[in-house]
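Encoded as structure tokens, the structure appears first; notes follow it.
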Amino acid sequence: MSVSTDLQPPSTARTAPAEVVPLRRPGRWISAVVVLVMLAAAVRSVVTNEAFQWSVVAEYFTADVVLRGLGLTLWLTALTLVLGFALGTLLAVLRLSGNPVLVSVSWGYVWIFRSVPLLVQLLFWFNIGALYPTLSFGIPFGPDFVSLSSINLIGPTAAVIIGLTLHEAAYAAEIVRGGVLSVEQGQVEAALALGMGRGRILRRIVLPQAMRSIIPAAGNSLIGTLKGTSIVSVLAVQDLLFSVQLIYNRNYLIIPLLLVATIWYVVVTSVLSVGQYYVERYYARGAARALPPTPWQRLKGRLR
1 MSVSTDLQPP STARTAPAEV VPLRRPGRWI SAVVVLVMLA AAVRSVVTNE AFQWSVVAEY
61 FTADVVLRGL GLTLWLTALT LVLGFALGTL LAVLRLSGNP VLVSVSWGYV WIFRSVPLLV
121 QLLFWFNIGA LYPTLSFGIP FGPDFVSLSS INLIGPTAAV IIGLTLHEAA YAAEIVRGGV
181 LSVEQGQVEA ALALGMGRGR ILRRIVLPQA MRSIIPAAGN SLIGTLKGTS IVSVLAVQDL
241 LFSVQLIYNR NYLIIPLLLV ATIWYVVVTS VLSVGQYYVE RYYARGAARA LPPTPWQRLK
301 GRLR
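Numbering (our numbering), first residue to last: 1 to 304.
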């Protein structure tokens with residue numbers, strides 16, 4: 001009698017993987033449809049409402065006086081941003097220094113110019129002649145070398161540039177200071193141990209990394225400055241808003257001309273937002289293994 005010693009292995013047949021059924025969320029689709037219907041109704045009411053007078057908007061959208069006002073608005077925005085961040089960076093460096101006098105001066109500047117409304121600052125600079133009829137330059141508490149009458153020295157445009165720059169510098173100082181403080185202190189200590197000077201550390205190590213925190217806030221400040229320049233119309237500076245005001249004061253077409261200014265602000269703000277996105281992406285190169293895809297790259301990927 002023979003006994004078979006062959007052992008039969010257990011069954012190794014693979015079972016089919018269970019089908020994963022996504023969770024149905026009808027509430028999400030219903031809410032999306034409701035929002036889209038409401039949005040379509042709002043767009044239709046704006047497009048079909050004759051009170052908006054879209055033909056008038058198209059007529060004045062590229063008018064010479066409007067384009068000149070737009071050019072002045074862009075020029076004021078760019079000049080204010082450059083001068084404001086230059087002064088703000090200096091104030092941030094003073095605030096971060098170990099000198100108690102410089103720290104106090106920087107803190108006091110930011111405190112004063114963030115506390116006073118921008119319109120009040122512009123009116124003060126425009127009426128500086130009433131406060132200081134004569135401006136003198138010389139040795140402090142000593143003889144004066146040059147004296148100038150300040151009554152007609154600062155006009156509306158000069159008052160606007162000074163006021164916007166000093167106001168922007170107070171906010172830029174805090175933006176730059178926050179970006180510098182976001183960099184790990186250990187990197188500064190390592191650079192000091194290698195014998196690098198503080199100025200070189202600030203330029204080569206701290207600021208390049210701080211830009212990742214500075215750029216989003218700076219972009220927001222840029223857009224805010226662009227819209228904030230509309231306040232200069234109270235000083236009769238012919239920016240974009242003042243230009244459309246000149247037109248509707250003659251023809252009384254207030255709504256369509258305000259729409260002209262609104263659309264231009266939206267267009268410029270959208271362009272600046274796109275530029276901010278690519279600048280942020282540029283400074284994110286050292287912080288991420290792979291850069292996020294651009295909108296164009298996402299579109300091409302979906303089309304494929």
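Where is the CB? At the ideal position from N, CA and C, for every residue including glycine. These numbers come from a predicted model, not from an experiment.
(request) Determine the closest residue to G275 out of W264, G301, G219, with distance taken between C-alpha atoms. (result) For G275, the nearest C-alpha among the options comes from G219.
(request) Helix, strand or coil for S97, going by three-state DSSP, please let me know. (result) In the three-state DSSP reduction, S97 falls in the coil class, being neither helix nor strand.
(message) Rounded to whole angstroms, what is the Cα-Cα separation between Q53 and S45?
(response) The alpha-carbon separation between Q53 and S45 amounts to approximately 13 angstroms.
(message) Quick check on T165: does DSSP put it in helix, strand or coil?
(response) helix
(message) Measuring straight from C-alpha to C-alpha, what distance separates E174 and T157?
(response) 26 angstroms
(message) Given this structure, state the Cα-to-Cα distance separating M207 from G71, to the nearest angstrom.
(response) It should be pointed out that residue 207 corresponds to Leu in this sequence rather than to Met. The C-alpha of G71 is placed about 32 angstroms away from the C-alpha of L207.
(request) Please name the residue or residues paired with V146 in a DSSP beta bridge. (result) Note: V146 sits in a beta bridge opposite F137.
(request) Can you give me the Cβ contacts of V180 inside the same chain, cut-off strictly under 7 angstroms, excluding the 5 residues immediately before and after it? (result) So the qualifying residues of the chain are A92, L96, V206, A210.
(message) For a quick check, are the C-beta atoms of L253 and V110 less than 7 angstroms apart?
(response) no
(request) Look up A217 in the DSSP assignment and say whether it is helix, strand or coil. (result) If DSSP states are grouped into helix, strand and coil, A217 belongs with the helices.
(message) Between the alpha carbons of F113 and H167, how many angstroms are there, rounded?
(response) Going by the C-alpha atoms only, they are around 6 angstroms apart.
(message) I want to know whether the stretch 136–155 touches the stretch 182–189 - three or more CB-CB distances under 8 angstroms.
(response) Fewer than three beta-carbon pairs drawn from the stretch 136–155 and the stretch 182–189 are found closer than 8 angstroms, and the two stretches are therefore not classed as touching.
(request) Out of F137, Q297, A159, state which residue places its alpha-carbon closest to the alpha-carbon of I128. (result) A159
(message) Tell me the rounded alpha-carbon separation between T62 and S221.
(response) CA-CA distance, T62 to S221, rounds to 27 angstroms.
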